[in-house]
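Take the sequence shown: its position 8, counting from 1, is numbered -12 in this note's numbering, and each next residue is one higher.
A virtual CB, placed ideally from N, CA and C, is assigned to each residue, including glycine.
To start, the structure under review is shown below, and the notes come after it.
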Amino acid sequence: MAIDTDTARRVAHLARIHVEEERLPALAEELSAVLAFMEQLSQVDTDGVEPMTSVTPMNLKRRADVITDGDRQEDILANAPDAREGFFAVPKVVE
């Protein structure tokens, strides 16, 4: 599938990217190359291949999903650069 300069101009506009008029043919070629590669990938036989979440097999650490009342306010606020009256204190940003 070939991308023409009008389509490249529209893609650049939709992506909010300013592309000089003389660079549009090169952009169209690059986009065409990306689409050609995607078409090439779609021809790969993936039957029997399980989806992966990572290139290396990993088991995520799990913890028990237990509801607690929290009650760790002091521990949490100990990490705060500025805490007042039991809350994180942050600079005022709106006047």
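Rounded C-alpha distance that separates residue i from residue j
i	j	result
Pro5	Thr(-15)	6 Å
Pro71	Asp49	29 Å
Met32	Met38	10 Å
Lys41	Pro61	30 Å
Val35	Glu10	27 Å
Val74	Glu65	21 Å
Asp55	Met18	51 Å
Val14	Glu30	25 Å
Val(-1)	Ala16	22 Å
Ile47	Gly28	40 Å
Gln53	Ala69	14 Å
Arg3	Ala63	54 Å
Ala77	Asp51	The question about residue 77 has no answer, for the chain in this structure spans -19 to 75.
From the options, residue whose alpha carbon lies closest to that of residue i
i	options	result
Asp67	Val73, Val74, Ala58, Ala16	Checking the sequence shown, residue 67 turns out to be Phe, not Asp. The shortest C-alpha separation from Phe67 is found at Ala58.
Residue i classed as buried or exposed, judged by whether at least 16 other C-beta atoms fall within 10 angstroms
i	result
Leu(-6)	exposed
Ala8	buried
Ala(-12)	buried
Supposed close pair residue i, residue j - CB separation, criterion 8 Å
i	j	result
Ala(-8)	Ser12	About 14 Å; that fails the 8 Å criterion.
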